[in-house]
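Asker: This structure is in structure tokens; I'll ask about it shortly.
Residue numbers (the working numbering): 3 to 457.
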């Protein structure tokens, strides 16, 4: 029986592969075929993965970014997990559905989705994804969601608790990726057939913290390469390695929401826990997502004013109507879509100096922030003894006291890497490595076509 393993190595580029820091993966690539991927736009996690999983672009599957404004709820939601978000329209089938249709054997037709997005619920037969426990007293504990339910016990009894706080946040490191690799090896041993897909995020961390050319980035590549070795040496397994985007160096953060706030277009709700974005009553606001932002405008009469306001901002490369970007012409997109210039990125912050910062601003809080915040990868350098503060906070947690892990900086200049726009050079973009019979046709593979030879 055929056993295929797809490894999503986030941030992998030709330049990193050939840097000398990834000898195991480079040797594997030399024995296979390798081609560049034309990335999704925006080149961010949810859009890139939806393009691959569905074989369509956002104008059809609807994942226009890592999150968007839900007009019917007047709320901004990021990082939602349901596969129904991209299959609900029924216009196309996911790779898991297509795999089942292409394979008649009851075991061979099974599919396995480990940590890829759109996984709660999933279209795969077996799935594992991060699922923190949010206790009623405000505590957050590490955990996973698995389907079928017995899979949770099977994996955690062997590997222990998933290291959630190594998966995202100031402590994000190789431990989370190593756990996913170990889970993949365990799952392959118990289910040695079908389509297996695993998501390996390690390069996402230090490349954003320090930049793609940094010594820390090379060390991250080396650590990941060592961890990958057992997967690349599996017997009777056809391994495809791909990436969603490349991360390039940045040195300039643009804050579109502060500009809209200063212009009187963005509305603030002055709550007891600080200044909260009031999207439903705002004339215009931006959902910032790395190097792209959707600008939602309540009244069409304001569109031209907003366009002119943002067009002259340094670090903004383009301001376009969603109708002018074919792949993003979807009701979930903003009325305007702005793209950052090379070396720039967009921060979500919306409050002005005289307005109180929201209480979640200095915390890792991916669901309450109305935009992506890479500052969550850092400990605030202004805290003199951060480890002591964290230890004291954890002590309060252990004895049942309320606590706030407010250790994230607001200094956007700390961020040295970003993604989302088109790569400045092909070797800085995503790629696919695969056996010849699994490699799609063409010299450059569109992100929607990476799985065209699988089924």
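Cβ atoms here follow ideal geometry from the backbone N, Cα and C, with glycine treated the same way.
As the structure is a computational prediction, the values presented were derived from the model and not from experiment.
#1: Verify whether the separation of the beta carbon atoms of residue 342 and residue 318 is less than 8 Å.
#2: Helix or strand or just coil, what does DSSP make of residue 7?
#3: Could you check where the alpha helix (DSSP H) with residue 179 kicks off and where it finishes?
#4: By how many angstroms is the C-alpha of residue 442 removed from the C-alpha of residue 388?
#5: Report the rounded CA-to-CA distance for residue 291 versus residue 422, giving the unit in angstroms.
#6: Out of 260, 284 and 265, state which residue places its alpha-carbon closest to the alpha-carbon of residue 271.
#7: Along the alpha helix (DSSP H) that carries residue 154, what are the first and last residues, could you check?
#8: Going residue by residue through the stretch 14-75, where are the continuous alpha helix (DSSP H) segments of at least 4 residues, counting only ones entirely within it?
#9: Any chance the stretch 317-337 sits against the stretch 368-387, with 3 or more Cβ pairs inside 8 Å?
#10: At which residue ranges does the stretch 107-158 contain complete beta strand (DSSP E) runs of 3 or more residues, listed in the order of the chain?
#11: Are the stretch 54-67 and the stretch 93-101 in contact at 8 Å, needing three or more beta carbon pairs?
#12: Using a threshold of 8 Å, state whether the C-beta atoms of residue 9 and residue 233 are closer than that.
#13: Among residues of its own chain, excluding the 5 on either side of residue 362, which ones have a beta-carbon nearer than 7 Å to its beta-carbon?
#14: When the Cα atoms are used, what is the spatial distance from residue 298 to residue 356?
#15: Thinking just about the alpha-carbon of each residue, which of 7, 5, 4 and 14 is nearest to the one in residue 429?
#16: Can you tell which of 335, 245 and 277 has its C-alpha closest to the C-alpha of residue 73?
#17: For the stretch 109-118 against the stretch 196-210, do three or more pairs of beta-carbon atoms, one drawn from each stretch, fall closer than 8 Å, so that the two count as touching?
#18: My understanding is that residue 161 touches residue 185, with C-beta atoms under 8 Å, so please give their C-beta distance in whole angstroms.
#19: Could you give the DSSP three-state label for residue 98: helix, strand or coil?
#20: Flag this pair as touching only if the stretch 179-196 and the stretch 151-166 have three or more C-beta atom pairs under 8 Å; answer yes or no.
#21: What did DSSP end up calling residue 225 once you bin it into helix, strand or coil?
#22: So, residue 131 versus residue 145, is the Cβ gap smaller than 8 Å?
#23: Which residue comes first and which comes last in the alpha helix (DSSP H) that contains residue 254?
#24: Alpha carbon to alpha carbon, how far is residue 453 from residue 48? Give it in angstroms, no decimals.
#25: CA-CA distance, residue 46 and residue 67?
#26: DSSP three-state label for residue 196, please.
#27: Based on the DSSP output, what are the partners of residue 298 in its beta bridges?
#28: Give the C-beta separation of residue 51 and residue 246 to the nearest angstrom, bearing in mind that I take them to be a contact with Cβ-Cβ under 8 Å.
#29: In whole angstroms, what is the alpha-carbon distance linking residue 84 and residue 151?
Answerer: Taking the structure as given:
#1: Yes, the pair counts as a contact, with Cβ atoms nearer than the cut-off.
#2: Three-state result, residue 7: strand.
#3: It spans 176-192 - the alpha helix (DSSP H) in which residue 179 sits, taken as one unbroken run.
#4: Approximately 49 Å, taken between the alpha carbons.
#5: Cα to Cα, residue 291 sits roughly 8 Å from residue 422.
#6: Considering only alpha carbons, the answer is 284.
#7: DSSP places residue 154 inside the alpha helix (DSSP H), whose first and last residues are 152-161.
#8: Whole alpha helix (DSSP H) segments, 4+ residues: 16-19, 25-32, 47-56 and 60-63.
#9: No, the stretch 317-337 is not in contact with the stretch 368-387.
#10: If only uninterrupted beta strand (DSSP E) runs of at least 3 residues are considered, those enclosed by the stretch 107-158 are 113-116, 128-132 and 146-149.
#11: Touching, per the Cβ criterion.
#12: Yes, the pair counts as a contact, with Cβ atoms nearer than the cut-off.
#13: For residue 362, same chain residues with a beta-carbon under 7 Å away, outside a window of 5 residues either side, are 370 and 371 in chain order.
#14: Cα to Cα, residue 298 sits roughly 24 Å from residue 356.
#15: With distances taken between Cα atoms, residue 429 lies closest to 14.
#16: Comparing Cα-Cα distances from residue 73 to each of 335, 245 and 277, the minimum goes to 335.
#17: The stretch 109-118, when compared against the stretch 196-210, does touch it at the 8 Å Cβ threshold.
#18: Contact flag correct, Cβ pair sits at about 6 Å.
#19: Residue 98: helix per DSSP, three-state reduction.
#20: Counting C-beta pairs with one atom in each stretch, the stretch 179-196 and the stretch 151-166 have three or more that are closer than 8 Å, which means they touch.
#21: Taken through DSSP and simplified to helix, strand or coil, residue 225 comes out as helix.
#22: Taking 8 Å as the Cβ cut-off, residue 131 and residue 145 do not qualify as a contacting pair.
#23: Counting along the chain, residue 254 sits inside no alpha helix (DSSP H); it lies in the beta strand (DSSP E) bounded by residues 254-256.
#24: A straight line joining the alpha-carbon of residue 48 with that of residue 453 spans about 17 Å.
#25: In this structure, the CA atom of residue 46 is about 7 Å from the CA atom of residue 67.
#26: Strand, per DSSP.
#27: Residue pairing for residue 298: DSSP places it in a beta bridge opposite 287.
#28: About 7 Å separates the two Cβ atoms, so the contact holds.
#29: Linking residue 84 to residue 151 through their CA atoms gives a straight-line distance of about 17 Å.
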